[in-house]
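K.L.:
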Amino acid sequence: MEFKTIAVIKLKGSMDALSAQAFEQRLRCLETPEQIVVVDMDAVEYVSSAGLRSILAGAKKIQAAGGQLRFCNVKGLVDEIFRCANLATIIPIYKSWKDALA
189 MEFKTIAVIK
199 LKGSMDALSA
209 QAFEQRLRCL
219 ETPEQIVVVD
229 MDAVEYVSSA
239 GLRSILAGAK
249 KIQAAGGQLR
259 FCNVKGLVDE
269 IFRCANLATI
279 IPIYKSWKDA
289 LA
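Quick note: the sequence shown uses this note's numbering, first residue 189, plus one each step.
#1: Count the other C-beta atoms from every protein chain shown that fall within 10 angstroms of the C-beta of Arg216, then say buried if there are 16 or more, exposed otherwise.
#2: Taking the Cβ atom as the reference point for each residue, do Ile250 and Glu219 lie within a distance shorter than 9 angstroms?
#3: Would you list the one or two residues that DSSP bridges to Lys200?
#4: My understanding is that Gly255 touches Glu233, with C-beta atoms under 8 angstroms, so please give their C-beta distance in whole angstroms.
#5: In angstroms with no decimal places, state the Cα-to-Cα distance between Ser237 and Glu190.
#6: Please classify Ser159 as buried or exposed, where buried requires at least 16 neighbouring CB atoms within 10 angstroms.
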C-alpha cells in the first residue's frame, strides 16, 4: 500500500488515563485512508495501562481506515513497557522519526 499523507505527533510527559483520552481524540482526527501517523515518544517518561489501551485502540482504528500508526524514539522505561506488552508485534516501532518515514 502506498501512503500519501504523513502526520507526526510528538508526545511528552506521562501517558496516563487523562492524557490517553486526549491522544485517542487526536488520533480520531487522523483516521484517514493512505495516511501514516508517526508518534514520537522521545519525551515520554511513562505509559500506563490506559495509555497502552489507547495506543492499541488507535492503531486498530487507523488501520481500519486504511492508514498506519508507527512509533519512534521509544526509550528507557517506555521501551520496557512496550516490550512487556509485546507492542512491536502489533505496531511498527522505529529508532527515529526519519526511520519511521523511510
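Even for Gly, the Cβ is constructed at its ideal location relative to N, Cα and C.
P.N.:
If we stick to the structure as given:
#1: Position 28 of the sequence shown, counting from 1, holds the residue named residue 216. Under this definition Arg216 is an exposed residue.
#2: If you number the sequence shown from 1, residue 250 lands on position 62. If you number the sequence shown from 1, residue 219 lands on position 31. Against a cut-off of 9 angstroms, the Cβ pair of Glu219 and Ile250 comes out as a contact.
#3: As a first step, residue 200 is located in the sequence shown; it is residue number 12 there, counting from the start. According to DSSP, Lys200 bridges with Ala231.
#4: The residue labelled residue 255 in the question sits at position 67 within the sequence shown. The residue labelled residue 233 in the question sits at position 45 within the sequence shown. Wrong, their Cβ atoms sit about 27 angstroms apart, outside the cutoff.
#5: Taking the sequence shown and counting its residues from 1, the one referred to as residue 237 is at position 49. Taking the sequence shown and counting its residues from 1, the one referred to as residue 190 is at position 2. Using only the alpha carbons, I get a separation of about 32 angstroms.
#6: For the chain, the structure presents residues 189 to 290; residue 159 sits outside this window and is missing.
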